[in-house]
């Protein structure tokens with residue numbers, strides 16, 4: 019990844035939860051299978067913040083993304099206008115905690131070892147240590163960073 023920006027989507031967290039950690043610790047914190055980052059990783063930071071319609075809540079990393087609705091309920095599908103209004107307010111409040119510089123910026127970890135379609139998701143994405151994560155559903159521009 020160079021100094022140019024690229025559109026990315028998927029799971030993001032805040033830099034503060036990863037900075038100063040070894041790749042082994044980042045694996046554990048995010049919930050990657052042991053050894054997934056053994057060949058390294060790219061780190062990308064958002065250069066623009068998503069709007070409320072470009073991301074979903076994904077809970078905490080102790081629950082893998084494919085289990086989010088089982089653990090937290092259907093948090094990303096409000097059932098009525100009242101729930102929709104509250105949902106948008108929560109999203110706006112979260113966006114206000116994100117930055118494009120410093121420890122509160124949104125970052126994505128891209129392992130050099132890609133996702134395996136031969137390994138079950140529960141093995142590939144075991145429970146992490148419980149850091150907040152969000153699923154960006156519409157690509158946002160990001161740049162490669164060092165942490």
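In the working numbering, the protein residues as written are 19 to 165.
We treat Cβ as the ideally placed atom computed from N, Cα and C, and that holds for glycine.
With 16 or more other CB atoms across the displayed protein chains lying within 10 angstroms of its CB, residue 31 is buried. In the structure shown, the three-state DSSP call for residue 97 is coil. Note that the C-beta distance between residue 129 and residue 27 is not below 9 angstroms. Here residue 146 has 46, 47, 48, 49, 79 and 80 as same chain residues with Cβ atoms under 7 angstroms from its own Cβ, once five neighbours each way along the sequence are excluded.
One alpha carbon belongs to residue 132, the other to residue 55, and they sit about 9 angstroms apart. In the structure shown, the three-state DSSP call for residue 55 is coil. Around the beta-carbon of residue 164, fewer than 16 other beta-carbon atoms lie within 10 Å, marking it exposed. With contacts defined by Cβ atoms closer than 9 angstroms, residue 112 and residue 75 form a contacting pair. One Cα belongs to residue 66, the other to residue 118, and the distance between them is close to 7 angstroms. Between residue 70 and residue 154, the beta carbon gap of about 12 angstroms keeps them out of contact (Cβ cut-off 8 angstroms).
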